[in-house]
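All remarks here apply to the structure that follows.
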Amino acid sequence: MSTIACDIPRSALDEPAWRALCETAAAQATKGCGLSHDYYVERFSSAIDAQLGRLPEEQRAQALKIAQEWDYATPAERQETQDWNAEHGYCSHGIEFGCCPAGCDRDDDDWD
1 MSTIACDIPR
11 SALDEPAWRA
21 LCETAAAQAT
31 KGCGLSHDYY
41 VERFSSAIDA
51 QLGRLPEEQR
61 AQALKIAQEW
71 DYATPAERQE
81 TQDWNAEHGY
91 CSHGIEFGCC
101 PAGCDRDDDD
111 WD
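Numbering (full-length UniProt numbering), first residue to last: 1 to 112.
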């Protein structure tokens, strides 16, 4: 994924470049999410979090506001989703146990 060059301090976020980064991150998250929205949000949001540190502090709020157009969730929101999933019989991918293609609920004895 490309990154936004932030070596030169700027007062305003380069919105077209940030939107392009968000679109790329969303496309990559979609390709690997197995059609699970929770997993897409995790993948997309983690990619955005990795890029936020490259932005000046004063640009981050605007960047996150834009990222929300692609369903960005904060780390706390993602943890809340993971907690809810665990309490209600869903795996970390947001898929009901017994249905996850990654085998999250698989007991190794079941595969002998």
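The C-beta atom is built at its ideal place from N, Cα and C for all residues, glycine as well.
Candidates Cys-33, Tyr-39, Ala-25, Arg-19, of which the one nearest Gln-79 by Cα: Comparing Cα positions, the closest option is Tyr-39.
Compute the Euclidean distance between the alpha carbons of Pro-101 and Arg-54, then round it to the nearest angstrom. 35 Å
Ile-8 to Asp-14, Cα distance in whole Å? Caution is warranted here: a pLDDT of 49 is assigned to Ile-8, below 50, making its placement in the model unreliable, and no coordinate value can be reported.
Using a Cβ-Cβ cut-off of 7 Å (strictly less than) and excluding sequence neighbours within five positions of Trp-111, which residues of its own chain qualify? Bear in mind that the predicted position of Trp-111 carries a pLDDT of just 37, short of 50, making it unreliable; the figure below should be weighed with that in mind. So the list is empty, once near-sequence residues are dropped.
Quick test of your reading: Val-41 and Ala-73, contact by CB under 8 Å. State the CB separation rounded to the nearest angstrom. 5 Å
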